Structure formats: structure tokens, C-alpha cells
DNA sequence: TTACTTTTGCAATTCAGTTGCATTAAGAAA
DNA sequence: TTTCTTAATGCAACTGAATTGCAAAAGTAA
């Protein structure tokens, strides 16, 4: 799992998530931070923070990997199963603060769920 | 939107979905059909069948694009919102025949939802 | 058949994400 | 603080899913 050191780069990444409060794609983050750190570093920090349980990730309809802050998760316990909304107009993606009830599936062990809602945000509709 | 002609290649692709009855990743389909048609052709057929409403697609946790047959969808009306289960052991992905109730989101127009459940299938658990 | 449009194959390209390796910086211990 | 170990970083090269351009082939309607 590896210790996550609080380097400048790590703090910069975390600050970005604090500031936006929204989900951010890895690509967008690389672009946004291109002057302060390397692309590879961004990807590796995202990986580590996800392992640690600080962030969670999901695949957007656009094929990009998106990250958002976890609410009360750790590396062993992943309680975060809130839905995400992705606008098909502008691409903005946000976490929705509601819980998803995952139906039990016979003969399957469900670890966690990803609910992605596709539609139009207020600005785009 | 473009007419979809029932060419040999199109029928071959459709037959694959009929036979497996499961979701198939584009990559797996390309691999499976490599002797009968070109990679590009597979991707384009999948695109067309999705436009037409015959197939629906979703992004797997693995970053691959998965396709499955739609039940009662057309190009204008997408009623398919059943969940998919992806095994983190073997990667197999299946459609689950249950409906997801999409909660209404204030100020957002939700077109459709993708619910991806991650866990272990019967064989892998 | 003819005329027209869609579909296909192939090669080249794009681009998100990864890897290997040498260098740098955390941070614990002395 | 200085030393020492290990994690983190930068850079360049690479991987692989998916896309694009274009000429050739195959559908389809008349």
C-alpha cells in the first residue's frame, strides 16, 4: 500500500480537490498542474491517494478517469457509493450527495458500486 | 444517424452478442473476430449499433469500453438502465436484469444512468 | 445494369495512461 | 543538524485502446 508522504506535489493535488469540490479528470488535472509538476507525478499521486482512500475514481462516459474526494473512506473500507453526474454538454462532472442502495445480487459479492448519471446540467439545458 | 445495413460483418457481430448473452468489451470482440473482420470495422459497427439503439455501451472499471444488447431501446428512446456487474477477479461482465430507480436531481436533466457493480462473481469468490 | 451511398480494409495517427531508471527530497533516527 | 533509508519525482520512451483519411468493395434502389 505504501506510505503517502505529504510532499508539496501531494498537497497541491489535494488543494485542487478542496477548491473545486467537484470531480476532476486525470487529464484535466495534468493540464491544470502542468507548470507545477510532471504528468507522471500527477497520475502516481492520484493512484496513491486512491489506495489510501482519500480519493475515489470512476470512468466517465468520455473514457477518461475521474477522481473525487472520498467522504469517510479508508484503504480497507470503501463506503463511498454516491452517484456522479456527468453533463453531456460541457462535460462537467459532480458528486451527488445522495446514497445509492445497492440491490443484493444472488451468488455475487458486491464490493462497491458506481452510479453515473448522464444528462444536461443547469447551464447546458 | 445513418442507415445500418445488414452486412455479413454486422450480422457476425450481432450473433456474437446473441450467443454470449453477456456484455463484451470492444477489445475482446476485436480479438474474437480478428479472422473475420478488421479491427476498425468492429469499432465502427459497434458505434452504429449503439446509435441505432441495438446495443448500449458503458465504461468498465478496467478502462475498456463494454457493449451489451439493449432491451427495448431505439435511437431516440433509451430506456435501458439495468446495472452491470464486473468481476474484479476474472473481469467477466454481465447485465443484471433489474431496474435501477434513478433519483431525480434538482436542476439537472438526467438522460440515463449507468450502474456498475464491482465485486467477485461466483467462480472467483 | 447503372448510379449512388454506405461499409470495409489498411496504415497511420492520436492520446490517456504506464514504465524504467537515475535523481531528489521526506522524514526517522542518531 | 547530519546521516541514512526509502519514497517520490522528472524525463523520455513506451503501450495500447480507439480514431481518422482515403481508396476500394459491397449494398440498395431504380
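Protein chains in written order, with the working numbering: chain A, 286 to 410; chain B, 286 to 410.
Ideal placement from N, C-alpha and C gives every residue a C-beta, glycine not left out.
Every value quoted in this text rests on a predicted model; they were computed, and no experiment measured them.
- With at least 16 other beta carbons inside 10 angstroms of its own, residue 344/A counts as buried.
- Per the Cβ contact rule, the segment 366 to 374 of chain B is in contact with the segment 395 to 407 of chain B (3 or more Cβ pairs under 8 Å).
- Taking a Cβ-Cβ cut-off of 9 Å, the neighbours of residue 396/B in chain A comprise 373, 402, 403, 404 and 405, given in sequence order.
- Among the residues facing chain A, residue 399/B is included, as its CB has a counterpart in that chain under 8 Å away.
- Membership of residue 332/A in any beta strand (DSSP E) is not indicated; the residue belongs instead to the alpha helix (DSSP H) covering 324 to 337.
- Listed along chain B, the residues sitting closer than 9 Å to residue 392/A by beta-carbon distance are 406, 407 and 410.
- Close to residue 340/A, with beta-carbon spacing below 7 Å, lies no residue of chain B; the smallest spacing is near 15 Å.
- DSSP, reduced to helix, strand and coil, places residue 344/A within a strand of the structure shown.
- Under a criterion of Cβ atoms nearer than 7 Å, the residues of chain A adjacent to residue 388/B are, in order, 383.
- Residue pairing for residue 371/A: DSSP places it in a beta bridge opposite 378/A and 403/A.
- For residue 348/B, the neighbours in chain A by C-beta distance under 9 Å run, in chain order, 344, 348 and 350.
- In the pairwise beta carbon analysis, the segment 388 to 399 of chain A is classified as not touching the segment 305 to 325 of chain B: fewer than three pairs are separated by under 8 Å.
- Residue 310/A sits close to residue 350/A, with the two beta carbons spaced by under 8 Å.
- Chain B has no Cβ within less than 8 Å of the Cβ of residue 302/A.
- Residue state for residue 289/B is assigned as coil, using DSSP reduced to three classes.
- Where residue 313/A is concerned, the enclosing alpha helix (DSSP H) starts and stops at 311 to 317.
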